[in-house]
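Visitor:
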Amino acid sequence: LLRRHVTALRPFAARGMFIQTESTPNPKALKFLPDCPVLPPEFGPGVDFRLGQASDLTSPLAKRIMRIDGVMGVFLGLDFISVTKDDGPSWPELKPQVFAEIMEFFSDDLPVVKAADITADTAIQEEDTEIIAMIKELLDTRIRPAVHEDGGDLFFNNFDEDTGIVYLRLAGSCSGCPSSSVTLKNGVERMLMHYIPEVRGVEEIEEDELVMLNKAEVEQLEARLSGNNK
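The sequence shown begins at 99 in the working numbering and counts up by one.
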């Protein structure tokens, strides 16, 4: 489905922990693979944390890594950690610091994620239509594993039944990756359209767009509640 960026794994061992790193198609993202599970499965296949967002406080591990100057985001997978940096420091400068934070965290035996209210984006909800349920199943079983190989992820946002467009948010190494548009069109879009005729395209939704949509939904709900109280 997706072209994997294959490189040699670089091991790092200290304090009894063995960590490998693997490059990704995004030069600003690096995949760290410790020799232990990372994200508990009850939190879904992956959780994305971005600098400046309140959600990073729900993960002590992500919070530690993002204390490092130059780190912009942390994606936690079931067995890997994808770290995204800015244009400042190089990976040779950042890697030893990330290694140290990961090893110190796991030696302290702390919970990776504290919040208990994170719901997987592909969890089937009662209100989901048959088409949405099929989209979520394909994303979870056929598409997401391939994207995880490159240290990234994609999250289902919504499906517009009028236009046939599936809206996804990219995360981890996929966010800001130069080849992300190719991944969406040649990989994700092609597979969804092949198995689900109602799907006519796939579009990426940016974080600021997501914030605006959520704000609009809240305003609509408040308007309805105000109308009901009159």
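Backbone N, C-alpha and C fix where the C-beta goes; we use that ideal spot for every residue, glycine too. Predicted model, so just to flag it, every value in this text is computed and none were measured.
Indicate whether the contact test is met: 3 or more Cβ pairs, each with one atom in the stretch 130-148 and one in the stretch 165-173, closer than 8 Å.
Guide: yes
Visitor: Note down, in chain order, each residue of its chain lying with its Cβ closer than 6 Å to the Cβ of residue 186, except the 5 sequence neighbours on either side.
Guide: 168
Visitor: Is residue 286 near residue 297, with beta carbons less than 7 Å apart?
Guide: no
Visitor: Classify residue 221: buried if its beta carbon has 16 or more other beta carbons within 10 angstroms, exposed otherwise.
Guide: exposed
Visitor: So what does DSSP say about residue 124, is it helix, strand or coil?
Guide: coil
Visitor: Please report the distance separating the alpha-carbon of residue 273 from that of residue 181.
Guide: 11 Å
Visitor: Could you give the uninterrupted runs of the alpha helix (DSSP H) lying entirely in the stretch 190-228, keeping only those of 4 residues or more?
Guide: none
Visitor: Cutting at 6 Å between CB atoms, please list the residues of its own chain near residue 265, excluding the five before and the five after it.
Guide: 255, 256, 301, 303
Visitor: Applying the 10 Å Cβ sphere with the 16-neighbour rule, what's the burial state of residue 120?
Guide: buried
Visitor: Can you have a look at residue 122 and say buried or exposed, based on whether 16 or more other CB atoms are within 10 angstroms of its CB?
Guide: buried
Visitor: Express the C-alpha separation of residue 136 and residue 232 in angstroms, rounding to a whole number.
Guide: 28 Å
Visitor: Taking the straight line between their C-alpha atoms, what separation do you get for residue 157 and residue 280?
Guide: 31 Å
Visitor: If we ignore side chains and look at the alpha-carbon of each, how far apart do residue 115 and residue 160 end up?
Guide: 18 Å
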